[in-house]
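Asker:
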Amino acid sequence: MASLIGFYSLIFGLCVSFLIIFFSIKNFKNSHIFDKKIISFTFLQFFLVIVSFLGLILSFVHSDFSNQTVFNHSHTTKPLFYKISGTWGNHEGSLLLWLLVLTLFIFLFLLKSKNQSKKYRILTLLFQQIIIIGFFIFVIKTSNPFNYIFPVPKEGLGLNPILQDPALAIHPPILYLGYVGTSIIFSSTLAATSLNYISKEWAKHIKQWILISWIFLTLGILLGSIWAYYELGWGGFWFWDPVENVSLMPWLALTSLLHCILVLEKRLVLTSWVVVLSISTFTLSMCGTFLVRSGILNSVHTFANDPERGLFILIFLFCLVFLSLFIFFFFHKTQNKDSNSFFWLSKETSILINNWFMIYFLSVVLIGTTYPIFLEVISSEKISVGPPFYNKLIIPFLIPFLLAMAIGPKLNWIKSDLKKKFYLILFLIISLLLSVIIIKSLNINFLVNTILVTSAFYLFFITLRDFFIKGFKNLSQNLTHFGFSLLILSILFNNIFSTEIITNLKIGETFKTDKYKIIFENIEQKDEQNFKAIIGKFNIENSDGKTEILKPELRIYNQPTIVTSEADIKTNFLVDKFITMNLVQNQDYFNIRYQIKPFMLWIWFSVLLISFGGLISLFKKKYEV
Amino acid sequence: MKFKIYPALLTIFFIIIFFVFYKGLQNSNIYTPSADLKKNIPSFKAKIFLTNEKISSEQIFHSDKFYLVNIWASWCVPCRDEHIFLMNLSTQKNIKIIGINYKDNNEKAKIYLNELNNPYDKILFDENGTLAIEWGAYGVPESFLIHNNQIIKKIIGPINENSLLEIKKLTE
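Chains as they are written, first to last, in my numbering: chain A, 8 to 632; chain B, 3 to 174.
1) In three-state terms, what does DSSP make of A:Leu304?
2) When DSSP labels each residue in this structure, what does A:Lys119 get in the three-state scheme?
3) Would you check if the segment 265-285 of chain A and the segment 194-203 of chain A touch, i.e. whether three or more CB-CB distances between them fall below 8 Å?
4) If we define contact as Cβ-Cβ less than 7 Å, is A:Leu373 a contact residue for chain B?
5) Drop a sphere of 10 angstroms on the beta-carbon of A:Arg562, count the other beta-carbons inside from all chains shown, and report buried for 16 or more, exposed for fewer.
6) How should B:Ala10 be labelled, buried or exposed, when 16 other C-beta atoms within 10 angstroms of its C-beta is the threshold for buried?
7) In chain B, what lies closer than 8 Å to A:Val384 by C-beta?
8) What span of residues does the alpha helix (DSSP H) with A:Ser331 cover, start to end?
9) When you compare only the Cα positions, how much space is there between A:Asn419 and A:Trp258?
10) If you reduce the DSSP assignment to three classes, tell me which class A:His69 lands in.
11) At the 7 Å Cβ level, is B:Phe68 part of the contact set with chain A, yes or no?
12) Can you name, in chain order, every residue of its own chain whose Cβ lies under 6 Å from the Cβ of A:Thr196, other than the five neighbours on each side?
13) Listing by chain order, which chain B residues have their CB less than 7 Å from the CB of A:Gly317?
14) Between B:Leu166 and chain A, is the shortest Cβ-Cβ distance under 7 Å, so that the two count as touching?
15) Under 7 Å, Cβ to Cβ, is there at least one residue of chain A near B:Leu11?
16) With 7 Å set as the bound, which would you pick, yes or no: does the beta-carbon of A:Pro559 sit closer than that to a beta-carbon of chain B?
17) What are the start and end residues of the alpha helix (DSSP H) that includes B:Lys110?
18) Is DSSP giving A:Ser285 helix, strand or coil here?
19) Taking the straight line between their C-alpha atoms, what separation do you get for A:Tyr378 and A:Ile390?
20) Quick one: list the residues of chain B neighbouring A:Phe381, beta-carbon separation under 7 Å, in chain order.
21) Just mark A:Gln52 as buried or exposed, buried being the case when its beta carbon has 16 or more other beta carbons within 10 Å.
22) Between the segment 320-339 of chain A and chain B, which residues of the former have a C-beta closer than 9 Å to a C-beta of the latter?
23) Indicate whether A:Ser263 and A:Met412 have their beta-carbon atoms separated by less than 7 Å.
24) So A:Tyr236 is in the alpha helix (DSSP H); what residue range does that whole segment cover?
25) What in chain B is Cβ-close to A:Pro314, meaning under 8 Å?
26) What does B:Lys6 reach in chain A if we use C-beta pairs closer than 7 Å?
27) Measure the Cβ-Cβ separation of A:Ser438 and A:Phe464 and say whether it is below 7 Å.
28) Using DSSP's beta-bridge definition, name the partner residues of B:Gly124.
29) Can the beta-carbon of A:Ala9 be found less than 7 Å from the beta-carbon of A:Leu55?
30) So is A:Gly621 buried or exposed if we call it buried at 16+ other beta carbons inside 10 Å?
31) Just to check my reading of the structure: A:Lys605 and A:Ser442 have Cβ atoms closer than 8 Å, yes? What is that Cβ distance to the nearest angstrom?
32) To the nearest angstrom, how far is it from the Cα of A:Ser462 to the Cα of A:Phe538?
33) Under 8 Å Cβ-Cβ, which residues of chain A neighbour B:Phe16?
34) Looking at B:Ile102: is its Cβ nearer than 7 Å to the Cβ of B:Ser92?
35) Roughly how many angstroms lie between the CA atoms of A:Arg300 and B:Leu27, to the nearest whole one?
36) Is the CB-CB distance between A:Val159 and A:Phe72 below 7 Å?
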């Protein structure tokens with residue numbers, strides 16, 4: 008029943024699109040005032056998608072296995088929380104979530120843009136409707152979440168246990184708010200370009216939408232990363248998996264867009280940058296959807312592979328690309344040349360530098376992710392691009408990037424000089440000395456690591472100084488830059504100081520190093536609602552006599568039967584102790600992995616700081632930078 | 003209208019990308035593990051079904067002949083499906099079928115063979131499943147085609163018409 012209602016409201020939602028388009032075009036041509044009816048229709052469409060989404064949630068909650076999506080991804084013994092989160096933990100449901108966010112954002116956009124011109128609002132709505140219609144057809148035709156199966160199965164197939172995790176339950180909605188939020192930026196930029204509407208006021212208005220998407224995208228990536236760290240049990244937080252890359256690419260584009268829009272708001276330059284970046288941000292989001300959902304790439308996100316779906320998104324994606332190319336080349340008016348040439352030492356130049364670095368990082372990730380596809384098509388050779396590729400190409404370029412990030416905000420608009428900026432050099436020396444002291448005692452590549460840590464410390468100290476000197480002025484920018492330096496520092500120290508032990512132990516055995524002892528005390532069994540747990544008890548004894556008890560788990564889920572390994576992680580302010588155990592086939596040994604990972608908490612914390620900076624900027628009335 | 007070079011170039015560029023992605027979609031990316039193929043067969047000692055005599059792998063496999071090692075059990079339902087194909091193969095002169103009776107009960111296995119006929123040249127008794135592990139089997143049923151003491155084909159799951167044809171082709 009709920010499925011039926013859900014399906015029909017989806018169909019009606021699509022029909023409303025045509026109504027909206029009809030009335031919009033009429034309104035666009037004829038009258039001078041914005042037709043209120045259009046807002047009501049937009050709300051109606053949003054409401055219908057909500058009904059459809061609630062219908063799917065209800066089917067999941069009631070374990071209505073006549074619905075194919077529910078049958079494939081749920082089970083009666085699953086806890087209620089995961090029944091609900093299972094709604095968007097699969098291809099069909101997550102696309103419904105896309106649609107929900109698409110319609111929500113355009114509705115909010117219309118409410119929030121009352122001060123903008125009528126033509127601009129309607130045109131934005133029209134572009135957004137093109138996207139919405141595309142997704143409606145995509146959902147209904149190739150990924151209908153309400154497919155009926157008869158005879159009705161008694162039991163569902165269950166949700167993949169590694170998806171049964173609180174961080175992952177909220178990760179898709181948050182990430183989608185960011186991902187899909189870029190559609191508004193895309194539509195409104197296309198509208199503004201076609202109407203030659205780009206101005207300082209427009210920049211101010213669209214900046215809010217950029218910030219919203221950016222904040223959610225940042226948080227979404229953070230949640231995904233936290234999930235990978237706690238659930239996958241590999242002890243890492245970023246694996247350069249195609250799906251992670253796919254979320255990183257729009258983030259990079261969005262970040263440089265955010266910087267460009269600040270320049271645009273101040274000086275009305277870099278408009279081409281803004282237009283191109285707006286288009287590419289959304290295109291990259293769509294491209295990500297294509298790469299993940301079509302099954303063209305292999306990754307941890309195992310959605311059912313269906314070439315038909317891939318083909319649909321591919322065609323749709325390229326229609327949007329060509330549409331935006333057309334608008335960009337035939338409607339976009341480039342400004343006169345003078346305003347685009349900047350003095351070499353100015354804020355504008357530093358933002359341009361930032362952009363080029365971002366574009367470089369973006370290209371590296373893009374090439375790394377899609378190159379295997381190209382190679383396979385051209386030479387039918389299969390390769391996989393892994394972390395070494397990204398690390399080698401990105402890390403060296405972080406050094407000038409960090410330095411530019413520290414110095415850039417110190418410069419003035421239009422023209423600047425370095426008088427009275429003596430402290431910049433002083434801080435550089437301090438950072439250099441500090442890093443030399445830290446790195447010298449370690450047995451790693453001295454030069455690269457020292458320079459890297461120096462530049463991160465440099466940004467760290469410069470931004471830290473600003474907190475004291477400037478106080479609340481420029482807080483958002485300073486906070487995000489500070490957060491970024493903290494992030495890089497945490498990642499660096501995490502890499503440099505992590506230690507790991509892999510060994511096989513029987514119950515009762517002890518593993519000893521000069522620093523600590525790992526005692527495998529016992530195991531116990533526990534029955535939970537939808538899994539059985541084997542819990543190991545490990546006693547870790549440090550050299551100073553302190554002991555800590557860690558209890559990693561092996562979980563045997565019943566539906567579907569999958570064994571997962573749950574790490575036990577003791578987190579404190581400075582260091583994470585991370586232990587996992589795995590069964591060794593046909594033996595009484597357990598494979599034990601014990602890792603000491605410093606500054607893990609700081610990685611999460613610094614990303615939170617970064618997005619918090621964005622949040623402050625969103626609520627700030629006055630222009631700063 | 004003046005011909006514009008950048009839009010044209012970009013359009014061509016995106017069209018190329020489109021076709022690469024389009025072609026990429028057609029490629030299947032289900033990787034077939036090829037590691038187990040062309041591997042020497044494990045050497046082992048095993049009990050012969052019912053007689054409980056010990057026999058070693060060297061006594062069973064001779065290098066110039068084709069063998070099909072088939073892991074089966076009376077409790078295994080898909081094994082019944084493939085049995086008819088095994089019977090078909092057993093009429094061929096150039097291939098010998100070696101059964102591995104996996105974690106089974108002697109009496110039930112005997113009834114199973116009486117009911118469906120016995121296609122096997124020899125049957126080895128794998129009481130606790132260790133033999134199947136040595137062969138690197140994923141489950142029951144599973145079959146290995148052997149020539150010159152090497153595994154030349156591995157069939158996971160029941161044999162069907164297609165795999166039967168393939169076996170016949172390989173053994174010609």
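Virtual Cβ for every residue (Gly too), placed ideally from N, Cα, C.
Answerer: Taking the structure as given:
1) The residue given as residue 304 of chain A occupies position 297 in the first sequence. DSSP places A:Leu304 in coil when its eight states are reduced to three.
2) Walking along the first sequence from the start, residue 119 of chain A turns up at place 112. Here A:Lys119 sits in helix by DSSP.
3) yes
4) In the first sequence, counting from the first residue as 1, residue 373 of chain A sits at position 366. Not one chain B Cβ lies under 7 Å of A:Leu373.
5) Position 555 of the first sequence, counting from 1, holds the residue named residue 562 of chain A. Its Cβ being crowded by 16 or more others within 10 Å, A:Arg562 is buried.
6) Within the second sequence, numbered from 1, the residue matching residue 10 of chain B stands at position 8. Answer is exposed; the Cβ neighbour count stays below 16.
7) Within the first sequence, residue 384 of chain A is the residue found at index 377, counting from 1. Within 8 Å Cβ-Cβ: Val22, Lys25, Gly26 and Asn29.
8) Residue mapping note: residue 331 of chain A aligns to position 324 of the first sequence, counting from 1. Pro314 to Phe338 is the span of the alpha helix (DSSP H), which, as asked, contains A:Ser331.
9) Numbered from its first residue, the first sequence carries residue 419 of chain A at position 412. Numbered from its first residue, the first sequence carries residue 258 of chain A at position 251. Taking the straight line joining both Cα atoms gives about 27 Å.
10) On the first sequence, position 62 is the one that residue 69 of chain A refers to. A:His69: coil per DSSP, three-state reduction.
11) Mapped onto the second sequence, residue 68 of chain B falls at position 66. Not closer than 7 Å to any Cβ of chain A, the Cβ of B:Phe68 fails to qualify, so no.
12) Counted from its first residue, the first sequence places residue 196 of chain A at position 189. If we look at A:Thr196 and ignore the five residues flanking it on each side, its Cβ neighbours are Val282 and Ser285.
13) Counting from one through the first sequence, the residue named residue 317 of chain A turns up at place 310. Residues of chain B passing the Cβ test: Leu27.
14) Along the second sequence, one-based indexing puts residue 166 of chain B at 164. It does not; no Cβ of chain A falls within 7 Å.
15) Here residue 11 of chain B refers to the residue found at position 9 of the second sequence. For B:Leu11, the answer is no, since every Cβ of chain A falls outside 7 Å of its Cβ.
16) Counting from one through the first sequence, the residue named residue 559 of chain A turns up at place 552. So, not an interface residue.
17) By 1-based counting over the second sequence, the position of residue 110 of chain B is 108. Start and end: Asn108 to Leu118.
18) Taking the first sequence and counting its residues from 1, one reaches residue 285 of chain A at position 278. A:Ser285 falls in the helix class under three-state DSSP.
19) Taking the first sequence and counting its residues from 1, the one referred to as residue 378 of chain A is at position 371. Taking the first sequence and counting its residues from 1, the one referred to as residue 390 of chain A is at position 383. Near 9 Å, if we compare the C-alpha coordinates of A:Ile390 and A:Tyr378.
20) Position 374 of the first sequence holds residue 381 of chain A. The answer, in chain order, is Val22.
21) What you label residue 52 of chain A is simply residue 45 of the first sequence in a count that begins at 1. With 16 or more Cβ atoms within 10 Å of its Cβ, A:Gln52 is classed as buried.
22) Leu321, Ile322, Leu324, Phe325, Val328, Phe329, Leu332, Phe333, Phe335, Phe336 and Phe337
23) Counted from its first residue, the first sequence places residue 263 of chain A at position 256. Counted from its first residue, the first sequence places residue 412 of chain A at position 405. It is not a contact, given that the beta carbons lie outside the stated cut-off.
24) Here the question's residue 236 of chain A lines up with position 229 in the first sequence. Here the alpha helix (DSSP H) through A:Tyr236 covers Lys207 to Glu238.
25) To locate residue 314 of chain A, count along the first sequence from 1; it is residue 307. Going along chain B in sequence order, the residues near A:Pro314 (Cβ under 8 Å) are Leu27 and Gln28.
26) On the second sequence, position 4 is the one that residue 6 of chain B refers to. Chain A residues near B:Lys6: Phe336.
27) Along the first sequence, read from residue 1 onward, the residue named residue 438 of chain A stands at position 431. Along the first sequence, read from residue 1 onward, the residue named residue 464 of chain A stands at position 457. Contact: yes.
28) Within the second sequence, the letter at position 122 stands for residue 124 of chain B. Looking at the sequence itself, residue 124 of chain B is Lys, so the reference to Gly does not match. Partner(s): B:Ile100.
29) Working through the first sequence from its first residue, we reach residue 9 of chain A at position 2. Working through the first sequence from its first residue, we reach residue 55 of chain A at position 48. No; because the gap between Cβ atoms is not below 7 Å, this pair is not in contact.
30) Here residue 621 of chain A is taken as the residue at index 614 of the first sequence, counted from 1. Burial call: buried.
31) Translated into positions along the first sequence, residue 605 of chain A becomes position 598. Translated into positions along the first sequence, residue 442 of chain A becomes position 435. According to the sequence shown, residue 605 of chain A is Pro rather than Lys. Wrong, their Cβ atoms sit about 16 Å apart, outside the cutoff.
32) Numbered from its first residue, the first sequence carries residue 462 of chain A at position 455. Numbered from its first residue, the first sequence carries residue 538 of chain A at position 531. Distance between the alpha carbons of A:Ser462 and A:Phe538 is about 48 Å.
33) To locate residue 16 of chain B, count along the second sequence from 1; it is residue 14. Near B:Phe16 (Cβ distances below 8 Å), the residues of chain A are Phe325, Val328, Phe329 and Leu332.
34) The residue labelled residue 102 of chain B in the question sits at position 100 within the second sequence. The residue labelled residue 92 of chain B in the question sits at position 90 within the second sequence. No, these two residues do not count as a Cβ contact at 7 Å.
35) Start at 1 with the first residue of the first sequence, and residue 300 of chain A comes out as number 293. Start at 1 with the first residue of the second sequence, and residue 27 of chain B comes out as number 25. Each residue's alpha carbon lies about 11 Å from the other.
36) Counting from one through the first sequence, the residue named residue 159 of chain A turns up at place 152. Counting from one through the first sequence, the residue named residue 72 of chain A turns up at place 65. In this structure, A:Phe72 lies closer than 7 Å to A:Val159 by Cβ.
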